[in-house]
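Asks:
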Amino acid sequence: MTVTKIEKEFIRHTEKTLRSYKQLKANIKILEKENKMLANMIATLPAIEYDSIKVQSSGLGNPTEKDALKLMERRLKVKNELENTKHMIFKIDTAMSSLDEIHRRVVQMSLIEGKSWVSMSMKLDYSERQLRRIRDVAVYKVTIALFGGTVLAKCPKDVRFMSEKDEKTVVK
Numbered sequence: 001m002t003v004t005k006i007e008k009e010f011i012r013h014t015e016k017t018l019r020s021y022k023q024l025k026a027n028i029k030i031l032e033k034e035n036k037m038l039a040n041m042i043a044t045l046p047a048i049e050y051d052s053i054k055v056q057s058s059g060l061g062n063p064t065e066k067d068a069l070k071l072m073e074r075r076l077k078v079k080n081e082l083e084n085t086k087h088m089i090f091k092i093d094t095a096m097s098s099l100d101e102i103h104r105r106v107v108q109m110s111l112i113e114g115k116s117w118v119s120m121s122m123k124l125d126y127s128e129r130q131l132r133r134i135r136d137v138a139v140y141k142v143t144i145a146l147f148g149g150t151v152l153a154k155c156p157k158d159v160r161f162m163s164e165k166d167e168k169t170v171v172k
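In terms of my numbering, the sequence shown opens at residue 1 and continues consecutively.
1. Taking the straight line between their C-alpha atoms, what separation do you get for Val106 and Met37?
2. Quick test of your reading: Ile28 and Thr85, contact by CB under 8 Å. State the CB separation rounded to the nearest angstrom.
3. Could you compute how far the alpha carbon of Leu111 sits from the alpha carbon of Arg132?
4. Between which two residues does the alpha helix (DSSP H) holding Tyr21 run?
5. My assumption, with CB atoms under 8 Å, is that Val137 sits in contact with Glu7. Please give the rounded CB distance.
6. Mapping the DSSP letters down to three states, classify Lys86 as helix, strand or coil.
7. Please classify Ile92 as buried or exposed, where buried requires at least 16 neighbouring CB atoms within 10 angstroms.
8. List, from N- to C-terminal side, the alpha helix (DSSP H) runs of 4 residues or more that fit wholly inside the stretch 101-131.
9. Whole angstroms is fine: what's the gap from Tyr126's alpha carbon to Leu31's?
10. If you count every other CB in all the chains shown that lies within 10 Å of the CB of Thr44, and 16 or more means buried, which is it?
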């Protein structure tokens, strides 16, 4: 398999993302909790009454208004980050589900769970070298699934992509 420099960057990013999978899932839980906490804080702010107060045009505003605006801005940022992280997890899950069983297991064990090549070799009954090749093919496929046309568009036309022949040399 011939890989260009641009593809290598995408592949490195994919590997880094897969290694961070568990942390991304944990981050979703944290962001959901923070979102609920901010919603409660906004709901419990004292009400602003304008009946007895003259409205100022100076823009200084009420301290309660400022607190409410800060909390709402923070909550909006948390919501956006939460949605982006959930979307990344969805993309990873979809990409992983597109792999066949051995590719999925090798990526899961090597990158997400951080298992050693020796333990994987014993458990999956493949040599370490075969497992590394399987992982490389699988990561390439996940990269294409995650970044699709972006990766393919930036590669020169003379680059040979993974063919069935290449894949058969990896699998038993």
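Beta carbons: idealized from backbone N, C-alpha and C, even for Gly.
Replies: Per the coordinate set shown:
1. 39 Å
2. 5 Å
3. 11 Å
4. Tyr21 to Ala43
5. Incorrect: roughly 13 Å between the Cβ atoms, too far for contact.
6. helix
7. buried
8. 101-107 and 117-124
9. 40 Å
10. exposed
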